[in-house]
Amino acid sequence: GNSVTQMEGPVTLSEEAFLTINCTYTATGYPSLFWYVQYPGEGLQLLLKATKADDKGSNKGFEATYRKETTSFHLEKGSVQVSDSAVYFCALSQGAQKLVFGQGTRLTINP
Amino acid sequence: DVKVTQSSRYLVKRTGEKVFLECVQDMDHENMFWYRQDPGLGLRLIYFSYDVKMKEKGDIPEGYSVSREKKERFSLILESASTNQTSMYLCASRFRVGLSYEQYFGPGTRLTVT
């Protein structure tokens, strides 16, 4: 079945550092890929998405590119802020099937 | 803006009580979902509904039931709450965008069963 694997956390960075959170997936065909962010005590928010190979999703300075050849959708940000501290989830779906989530990566940014 | 609301942010109930968690979305979405989130276990799907009066079991339906009498409202019911149902409960709805779907979550209800 479909699955998503994220890099293990927690990840701790200093403010203004470059961020990469790795995400790889297993799926047949061409799934849609998503990144969600969960701030402390809140629900998940859709951060960005990509629906076909080589698409780049972007939002709030975050980017991720759908790489079919490496089955990856890594999340990047050039300069993180303390307010980016949250848990990040990579997810995929195919057609009308349910979302499949990775286990989440906790990110802490120190001032 | 898509808005998914949940009836309570925090709830404390006693063992054996019947508990209702309500979720409402205002965007006419057909599909709605209930998840629970526990440390180290990630998000687990309890039940989902593709349309009014339809329901499907997710990965962990035991101890729960659901009701979808109106399109905008999806209720999760704990018939007899137990301490192992202490958790964060997240509701979501989704809509179709081209060949894909976008799913949006409510703020969550943190339920404590004592």
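Going line by line, the protein sequences match chains A and B. Mind the numbering: the first sequence is residues 62 to 172 in my numbering, read in order. Mind the numbering: the second sequence is residues 391 to 504 in my numbering, read in order. Heads up, the beta-carbon is just placed ideally off N, CA and C, and yes, glycines get one too. Please read all numbers here as calculations on a predicted model, not as lab measurements.
Please name the residue, chosen from the options, that lies closest to residue i on a Cα-to-Cα basis.
{"i": "HIS419 of chain B", "options": "B:VAL394, B:ILE450, B:GLU452 and B:GLN475", "result": "B:VAL394"}
{"i": "ILE467 of chain B", "options": "B:SER490, B:GLY406 and B:LEU411", "result": "B:LEU411"}
{"i": "SER146 of chain A", "options": "A:ASN63, A:VAL65 and A:GLU77", "result": "A:GLU77"}
{"i": "GLY62 of chain A", "options": "A:LYS138, A:GLN155, A:GLY102 and A:THR166", "result": "A:GLN155"}
{"i": "PHE438 of chain B", "options": "B:GLN493, B:ARG399 and B:LYS408", "result": "B:GLN493"}
{"i": "GLN397 of chain B", "options": "B:GLN475, B:GLY453 and B:GLY496", "result": "It is worth fixing the name first, because residue 397 of chain B is Ser in this sequence and not Gln. Among B:GLN475, B:GLY453 and B:GLY496, the Cα nearest to that of SER397 of chain B belongs to B:GLY496."}
{"i": "LEU431 of chain B", "options": "A:HIS135, A:GLY122 and A:PHE150", "result": "A:PHE150"}
{"i": "GLY122 of chain A", "options": "A:GLY139, A:TYR100 and A:VAL161", "result": "A:GLY139"}
{"i": "SER457 of chain B", "options": "B:PHE423, B:LEU480 and B:VAL487", "result": "B:PHE423"}
{"i": "GLU124 of chain A", "options": "A:THR131, A:LEU136 and A:THR132", "result": "A:LEU136"}
{"i": "PHE134 of chain A", "options": "A:GLY70, A:TYR97, A:GLY104 and A:LEU105", "result": "A:TYR97"}
{"i": "LEU491 of chain B", "options": "A:SER93, A:VAL148, A:GLN67 and A:GLY70", "result": "Checking the sequence, you will find Tyr at residue 491 of chain B rather than Leu. Among A:SER93, A:VAL148, A:GLN67 and A:GLY70, the Cα nearest to that of TYR491 of chain B is on A:SER93."}
{"i": "SER144 of chain A", "options": "A:THR87, A:THR126, A:CYS84 and A:PRO101", "result": "A:PRO101"}
{"i": "LEU153 of chain A", "options": "A:GLY104, A:LYS117, A:GLU103 and A:ALA88", "result": "A:ALA88"}
{"i": "TYR127 of chain A", "options": "A:MET68, A:GLU69, A:ASN83 and A:GLY104", "result": "A:ASN83"}
Strictly below 7 Å CB to CB, what residues from chain B border residue i?
{"i": "THR104 of chain A", "result": "The question names Thr, but residue 104 of chain A is Gly in the sequence shown. Correct list: LEU480, PHE495, GLY496, PRO497 and GLY498."}
{"i": "GLY165 of chain A", "result": "GLY432"}
{"i": "PHE162 of chain A", "result": "GLY432 and LEU433"}
{"i": "SER93 of chain A", "result": "SER490"}
What residues in its chain sit with their C-beta under 8 Å from that of residue i, if we drop five residues either side in the sequence?
{"i": "LEU74 of chain A", "result": "LEU80, VAL141, LEU168, THR169, ILE170 and ASN171"}
{"i": "LYS129 of chain A", "result": "TYR91, ALA114 and ASP115"}
{"i": "GLU446 of chain B", "result": "TYR437, PHE438, SER439 and TYR440"}
{"i": "VAL442 of chain B", "result": "ARG458, GLU459, LYS460 and LYS461"}
{"i": "ILE450 of chain B", "result": "ARG426, ARG434, LEU435 and ILE436"}
{"i": "THR131 of chain A", "result": "THR85"}
Starting from residue i, find everything on chain B with Cβ-Cβ shorter than 8 Å and list it in chain order.
{"i": "PHE123 of chain A", "result": "Residues of chain B passing the Cβ test: none, with the nearest at roughly 17 Å."}
{"i": "LYS159 of chain A", "result": "PHE423, LEU435, PHE438 and GLY448"}
{"i": "LEU168 of chain A", "result": "None at all; the shortest Cβ gap to chain B is about 16 Å."}
{"i": "LEU108 of chain A", "result": "What LEU108 of chain A touches in chain B: nothing, since even the nearest Cβ is about 12 Å away."}
Leaving aside the five residues before and after residue i along the sequence, list all residues of the same chain whose C-beta is less than 7 Å from its C-beta, in chain order.
{"i": "VAL414 of chain B", "result": "THR395, GLU462 and ARG463"}
{"i": "GLU469 of chain B", "result": "LYS408 and SER455"}
{"i": "PHE402 of chain B", "result": "Strictly speaking, residue 402 of chain B in this sequence is Val, with Phe absent from that position. Answer for VAL402 of chain B: THR502 and THR504, listed in chain order."}
{"i": "SER119 of chain A", "result": "LEU109"}
{"i": "ASP416 of chain B", "result": "LYS393 and GLU462"}
Going by DSSP, name the residue or residues bridged to residue i.
{"i": "ILE82 of chain A", "result": "A:LEU136"}
{"i": "ARG404 of chain B", "result": "Answer is none; ARG404 of chain B lacks a bridge partner."}
{"i": "ASN120 of chain A", "result": "A:PHE123"}
{"i": "GLY432 of chain B", "result": "B:ASP428"}
{"i": "ALA482 of chain B", "result": "B:PHE423 and B:PHE495"}
{"i": "TYR97 of chain A", "result": "A:LEU107 and A:PHE150"}
Could you name the residues of chain B that residue i contacts, counting a contact when the two beta carbons are closer than 9 Å?
{"i": "THR112 of chain A", "result": "VAL487, GLY488, LEU489 and SER490"}
{"i": "SER133 of chain A", "result": "Per Cβ cutoff of 9 Å: no residues; SER133 of chain A is ~18 Å from chain B at best."}
For residue i, which residues of its own chain have a beta-carbon under 6 Å away from its beta-carbon, when the five flanking residues on both sides are left out?
{"i": "VAL433 of chain B", "result": "Going by the sequence as given, residue 433 of chain B is Leu instead of Val. Only TYR425 and GLN427 meet the Cβ criterion."}
{"i": "MET478 of chain B", "result": "GLN427, GLY498 and ARG500"}
{"i": "ASN421 of chain B", "result": "TYR440 and ARG484"}
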